[in-house]
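Residues 22 to 515, numbered by my numbering, are exactly what the sequence shown covers, in order.
First the structure, in the form of structure tokens, and then the observations on it.
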Amino acid sequence: MPCHMCMIPKNELNNPLINHSTIQLRTPNIMKGVLTDGLAKDYSIHKIENPFWKLSQLNIYQACLPDRMHHLDLGLYKYQVEYTRELLTEWCGSNGVIEFDNRLAKIPRFSGLKLFKHGLGNIKRFTADEFRAMMRQLVFVIDGIIPTLHKTDYTKKQAKNIDKQLVQLYVDWNKMYIYSRKDKFTESDLKTFKSLIIIWAKGFKKLFSSYSVSQLQLPKFHSWVYHIISSITEYGAVNNFTTETYETLHKEYVKNPYRMSNKRDASSQMLRTIQRRCIIKYFFQLSSRSTTSINKQHSKSTMNGEIATFKLSLFDEFITTYKANNVLAPEALEAFNQFIIALNRFFSLLEEFANNDVNYETITIKWYSSAVISSSDSIRANSNWYKQAVFDNISINMHSEEVENYITQDGMCFGKVLMLCSVNISSSNYDTFDLALVQWYDYKDARELEKYGCPWLIQTSQYEFIPVESGVEPVHIIQRFIKNDEFFVNVFMF
């Protein structure tokens, strides 16, 4: 009976459907009896008296709670990824694992997201942070590998069925994991959370029990499925008793500074490193508060990284010269192709120019590589940002009168930023316009807006200039690996 909280038999550790009322919890008195009867080995305890038994007000077995970081991040999710690679090998041979790593390496960058540019390699060396980064990506990585590469031993129908189960398992995991990060739980929340845990556990056992030597008789599996809800009921949200917080602090303030030292008089070097970091963090917070205050007062975007300035009347000459002297990404080339058409469409929306031709001689364009939008996030449209092309995707706030004309998600649409520029019209009464040229996304199927719990999109051939301040926030959009014209908005960015 290896569970430290109850007396469940080992062969029931992988059963997600045990009635809670049949589970007998451990208490000091019961364990004293076990020791007296010489059954210590059967109950996975040492043949010595536990000093905590002397504390009559404490049940040490209920005080040792399931820990999310070790049970999930470094435990069950690690098993899930390892078993997935074994499943891919069985169904697709080594090509399945190679495709898994290749896809993982192609996931597009996003601020704060750890990428795996060389695949997984040795999974044993990964940290909890890296496993959490995998959770945000693997739903999209495994989608369609098996139907594409399955061995001839399996039919197409079998391959599609196992692929559907595998992807759904990862979606169910993310739903469960994200729910576990809530700061507060009501009775209704606990019922929902319990349901999410059972759904994932049943899928996990169904898919992977044959790949486990013990048939998934894992203490962490049982502990999470049966004891996390009671722990939340007794002690509050999981966030209150996870070691994730303290191990992160230990890593940030002890391990990393020590590695940065030359190991001679390491303590004083570590203190200086931490002191400098705290000073920099303090000034950064002051700067952030100042920037936020300015943005709230003016509700205005900030354009950064000026690339070039040109008169609109000299647009063709400027583009020809710039292309000859610089390497442009396909997105930037398309932006120039659509520039005049989209800008004229924008001018037609302005009352002053609705019925009049625009004099290009009076218009000055400043082209920028980045901008700060209303959420204080930076967005980029740059062919050479640290030697990489970066063109961010954003969610866009639609005006209330426009929402009825589009399929939206809570009034938001999605677009890829191809260019950032300011437009100054010297002959008009308007201020300078800070604009973003976006290529719109639309929903793949008006009857099925989401797939795997994520907005399911296609990229349109519609381009439009929008005010930069109408951008809400950057979003992580991933091209579907089995369909080049389909995209997912990654909603798993917890």
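Ideal placement from N, C-alpha and C gives every residue a C-beta, glycine not left out.
Checking the DSSP bridge columns, you'll see I415 partnered with G436, P495. Inclusion of D88 and T264 in the CB contact set at 8 angstroms is warranted, their separation being smaller than that value. Annotation for N195: M156, V160, F513 place their beta carbon closer than 7 angstroms to its own, counting only its chain and skipping 5 residues before and after. At least 8 angstroms separates the beta-carbon of M26 from that of Q78. Less than 8 angstroms separates the beta-carbon of P240 from that of L34. DSSP places K332 outside any alpha helix (DSSP H); the residue lies instead in the beta strand (DSSP E), whose first and last residues are 323-332. Boundaries of the alpha helix (DSSP H) around F121: 115-126. Around the beta carbon of D184, 16 or more other beta carbons lie within 10 angstroms, which makes this residue buried. Q236: not part of any beta strand (DSSP E); DSSP gives it neither H nor E. DSSP, read as helix, strand or coil, puts Q480 in strand. By the Cβ criterion, the segment 354-363 is in contact with the segment 454-472, since at least three pairs of Cβ atoms, one from each stretch, lie closer than 8 angstroms. Y462 counts as buried, since at least 16 other C-beta atoms from the protein chains shown sit within 10 angstroms of its C-beta. Cβ-Cβ distances below 7 angstroms link K181 to P168 in the same chain, with the five nearest sequence neighbours on each side left out; the list follows chain order. The alpha-carbon of A149 is positioned some 14 angstroms away from that of E273. Comparing C-alpha distances from Y484 to each of Y381, N365, R468 shows the shortest one belongs to N365.
Contact between P488 and F454 holds: CB atoms are separated by about 7 angstroms, below the 8 angstroms threshold. In this structure the segment 333-349 touches the segment 376-390; the number of beta carbon pairs closer than 8 angstroms is three or more. In the DSSP assignment, K138 is bridged to G140. DSSP places V510 inside the beta strand (DSSP E), whose first and last residues are 508-510. One thing to note: P495 has its Cβ within 8 angstroms of the Cβ of I400. Contact annotation: the segment 388-408 does not touch the segment 464-481, with fewer than three C-beta pairs closer than 8 angstroms. Cβ atoms of N325 and S391 come within 8 angstroms of each other, at about 5 angstroms. Under the DSSP assignment, F152 falls outside any beta strand (DSSP E), being part of the alpha helix (DSSP H) whose first and last residues are 149-156. For F336, the enclosing alpha helix (DSSP H) stretches over residues 336-346. In this structure, G117 lies near L109, with their beta-carbon atoms less than 8 angstroms apart.
DSSP, read as helix, strand or coil, puts C85 in coil. In this structure, G140 sits away from Q186, with a CB-CB distance that is not shorter than 8 angstroms.
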